[in-house]
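First the structure, in the form of structure tokens, and then the observations on it.
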Amino acid sequence: ALLWGWFLLGFRWGPGPPGVHAAALSMAAYVLDDAGGLGRQFDGIGAVSGGGATSRLLVNYQEPYRSQILDYLFKPNFGASLHILKVEIGGDGQSTDGTEPSHMHYENDENYFRGYEWWLMKEAKRRNPKIKLIGLPWTFPAWIGKGENWPYDYPDVTAYYVVSWILGAKQYHDLDIDYIGIWNERAFNSKYIKLLRYTLDKHGLQQVRIIASDRLWEPISFVLLLDSELHGVVDVIGAHYPGTKTVPNALLTKKKLWSSEDYSTFNDEEGAGCWARILNQNYVNGNMTSTIAWNLVASYYEQLPFGRCGLMTAQEPWSGHYKVEAPIWITAHTTQFTQPGWAYLQVDGHLEGGGSFVALTDGLGNLTIIIETMTHNHSRCIRPPLPHFSVTPQRATFYLRGSFGMVETLQVWHSRLGFESGNSSLFEQLHPLKVWKGSFSLDLDVDEVYTLTTLKTGRKCGCPEPPPPQPFPSNYKDDFNIRNPPFSEAPNFADQTGVFEYFINASDPGDHVFTLRQVVVQRPITWASDADQTISLIGNFYWVNMTVTCDIYIEKQREGGVFIAGRVDNGGIYVRRTKGVFFWVFADGTYRITGDLAGEEILMKGLSGVRDNAWHTLTLNIQGTSASGLLNGYPLWENVTISKPSNGWVAIGTRSFEFAQFDNFHVE
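Using mature numbering (1 follows the signal peptide of the UniProt record, and there is no 0), the letters of the sequence shown map in sequence onto residues -22 to -1, 1 to 646.
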């Protein structure tokens, strides 16, 4: 009785927040026992690169910063220590923050060295050979649909295309793809899924598992219950942004249930709160055994859609600056102390005072418990809307039974998201917790995460501070003169419609052997509203006054055209509504100045004498409310009044999906 009195007066076992008087706490007990069997198998925590072009700027970082960023993401017991990497199978179309190049732009074309996802998968595997790899298309090259904006009219062609990507990953990069998806957030087709399985098996890829349908729980769950053949070929039901809930039909299929895309939230403290809450509650409420964040790392211009919605931020390759955001350390609470193949314990998982816990075991006596007490206003994700709930300080007592009855000590890792104070403590190792007669108690405050584990391998690693942030260089040149480029795209150019690649102009007498070429010549099977023109952005969104110079080469006879532009205000899924100052020249010898990418707002037009299949130099000068242009160094037009936009990026592009080349780009 005396001991119990002490207990009520605030005597605590284990760590807890100082200053919370014990008598004010709600109390509850929870039993962790494996004697009656285990829950579902845990499949891992991951993140998406792509959907789209979210890792675009990462590849241009200099060493050692690039490797440091990759270590924080993938290196085991270092930072996020991710179990899964999901990448976009580039399809030449706009897929959120840009386009990613296809391995087959055209039917008779195969190239397994385009883009940066191959490189990223290899870097992930180099750090963690056990990481699981997933491929998923957002868009497809036009030839797949033979003129229709639809990938299922010729399902054998689409299956051949996707399986080629998997075979290429192995043949050229020694990468084994573990899972393949259908079509991101768009309709699925049962005939196609069955044909995909058949094509995989025919090529000896029996080990590749199929995820469907990367959209909602329905109608895929219902269709799986009706179609036994389809049920036999789909391995995982993947839903997006499920709000921690599943549906009865999904449970009835007896399939693995994943949140195959989630999070997508600005990576501040509230974003970390969102991530902490769903990492636990996707299993507690929805039986989901994997949660995959969009996106891996915010390596795209921040003013594009969903800026900084990555687990960390690396959007300044020109300075080397990056930021290890709070979601990285929230991830570590789960990933550093579990592995795919572990099993969840059968527990309810809801805490009496609000919040949740999960417990996992490797079946060999190891135990990891992850507790989160995120409050409503500090854990809202971007979607879906979060119904109200309340969380209060509480004391939780855990009783270890079954094979965990012998556990004497647990390692303790703790995070507190400091919304009121403004300073968070993230993934700090506290004193080990003594388990006394099979139980221990914890005082939990709000907005905390605890990991209690038998594993002693956890580490919070830190690299030296990266360089301070710097704006994009105000004087920037690229002559594209590189014989063996490490990547197919020029640094810092962010393609928003079309694909711009390094090109070797073998027939050129010498000035323009190495150029940048737009190579998508038919509108792809789209996922978003791609523009009717191609466009690639570069620079600083806040630039006001600028001079842009670029050599251009129109390849398309009669109808061809290219532009250079400044004060470009939009990209990503909003690329069709892009405004700016666009200086166009056309193969018919005319020029135009427009206030928009669509070319509808004409500010000036006239004759230029430009022709196709010849090099010309364009210069665009924007100062205050006035713009002027030069052709081959001579004034062509001047005193065009610019009202808005007042600032924006610089861009290059073409009138339609057509071949064109660019060289000696310079912005000041």
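Glycine included, each C-beta is placed from N, C-alpha and C at the ideal position.
Those residues which DSSP pairs with residue i across a bridge
i, result
"F376", "Y8 and F418"
"N453", "DSSP lists no partner for N453."
"W195", "In the DSSP output, where bridge partners are listed per residue, W195 has none listed."
"K234", "V214"
"G24", "I62 and I270"
"H392", "E406 and Y428"
"R187", "Y157"
"W562", "F541 and R570"
"I503", "F118"
"residue 702", "Nothing can be reported for residue 702, as the shown portion of the chain is limited to -22 through 646."
"E239", "H218"
"Q72", "T77"
"T387", "K412"
"Q19", "A321"
"T512", "T632"
Boundaries of the alpha helix (DSSP H) in which residue i is found, first to last residue
i, result
"A228", "P226 to L230"
"V201", "I198 to L204"
"Q46", "Y43 to F52"
Presumed contact (8 Å Cβ cut-off) between residue i and residue j, rounded CB distance
i, j, result
"I571", "T74", "Contact doesn't hold; Cβ gap of about 30 Å is too wide."
"L202", "T231", "5 Å"
"L229", "L16", "Between L16 and L229 the Cβ distance is about 17 Å, and since that is not below 8 Å, they are no contact."
"E248", "R358", "6 Å"
"V628", "V526", "5 Å"
"T512", "F635", "6 Å"
"W253", "P318", "At roughly 19 Å, the Cβ-Cβ gap does not stay under 8 Å, so W253 and P318 are not in contact."
"N273", "S466", "Contact flag wrong, Cβ pair sits at about 21 Å."
"F244", "N227", "With a Cβ gap of about 33 Å, F244 and N227 do not count as contacting."
"F541", "W521", "At roughly 17 Å, the Cβ-Cβ gap does not stay under 8 Å, so F541 and W521 are not in contact."
"E303", "M290", "5 Å"
"residue 718", "H299", "Residue 718 cannot be examined here, being either before or after the span of the chain that is shown, -22 to 646."
"A576", "S514", "A576 to S514, Cβ: 17 Å. No contact."
Span of the beta strand (DSSP E) around residue i
i, result
"E406", "S403 to K412"
"D574", "T568 to D574"
"P613", "Y612 to T619"
"I630", "W627 to T632"
"residue 648", "The displayed coordinates of the chain run from -22 to 646. Any statement about residue 648 would go beyond what the structure contains."
"L63", "I62 to I67"
"N599", "W593 to Q601"
"L608", "S604 to L609"
"L581", "I580 to L585"
"Q474", "A472 to T475"
"Y480", "F478 to I482"
"F643", "A638 to V645"
"T493", "F492 to Q496"
4-residue-minimum alpha helix (DSSP H) runs that sit fully inside the region 91 to 177, ordered along the chain | Contiguous alpha helix (DSSP H) elements confined to the region 91 to 177 occur at 95 to 105 and 133 to 151, taking only those with 4 or more residues.
At least 3 beta-carbon pairs within less than 8 Å: the region 404 to 424 vs the region 451 to 462 = no
Which whole runs of the beta strand (DSSP E) in the region 254 to 323 are 3 residues long or more, in chain order?
-> Listed in chain order, they are 268 to 272, 290 to 294 and 299 to 301.
Counting pairs of beta carbons, one from the region 259 to 274 and one from the region 230 to 247, are three or more of them closer than 8 Å?
-> yes
Curious, which full-length alpha helix (DSSP H) runs of at least 4 residues does the region 319 to 356 contain?
-> none
Check whether the region 55 to 74 touches the region 301 to 314, taking contact to mean three or more Cβ pairs, one atom from each stretch, closer than 8 Å.
-> yes
Count the CB pairs spanning the region 532 to 542 and the region 580 to 600 that are closer than 8 Å, and state whether there are at least three.
-> yes
Check whether the region 602 to 612 touches the region 481 to 496, counting contact only when three or more Cβ pairs, one atom from each stretch, lie closer than 8 Å.
-> no
Counting only runs of 3+ residues fully inside the region 514 to 558, write out the beta strand (DSSP E) ranges in chain order.
-> 524 to 532 and 539 to 546
Is the region 617 to 624 touching the region 430 to 438, taking contact as three or more C-beta pairs under 8 Å?
-> no
Touching or not, the region 324 to 337 and the region 258 to 265, by the rule of three or more beta carbon pairs under 8 Å?
-> Pairwise C-beta distances place the region 324 to 337 in contact with the region 258 to 265, as three or more of them are shorter than 8 Å.
Inter-stretch contact (C-beta, 8 Å, three-pair minimum) for the region 24 to 35 and the region 393 to 404 = At 8 Å Cβ cutoff, the stretches do not touch.
Flag this pair as touching only if the region 420 to 429 and the region 360 to 375 have three or more C-beta atom pairs under 8 Å; answer yes or no.
-> Enough Cβ pairs lie closer than 8 Å, so yes.
For the region 377 to 386 against the region 5 to 13, are there 3 or more C-beta pairs whose distance is under 8 Å?
-> yes
Determine, using beta-carbon pairs with one atom in the region 116 to 131 and one in the region 66 to 80, whether at least three such pairs fall under 8 Å.
-> yes
Is there contact here, the region 39 to 52 with the region 343 to 358, by at least three beta-carbon pairs under 8 Å?
-> no
Can we say the region 125 to 137 touches the region 499 to 511, given the rule of at least three CB pairs closer than 8 Å?
-> yes
Three or more C-beta pairs below 8 Å linking the region 74 to 89 and the region 542 to 551 = yes
Assess, as a yes-or-no matter, whether the region 100 to 108 is touched by the region 133 to 150 under the definition of 3 or more beta carbon pairs within less than 8 Å.
-> The region 133 to 150, when compared against the region 100 to 108, does not touch it at the 8 Å Cβ threshold.
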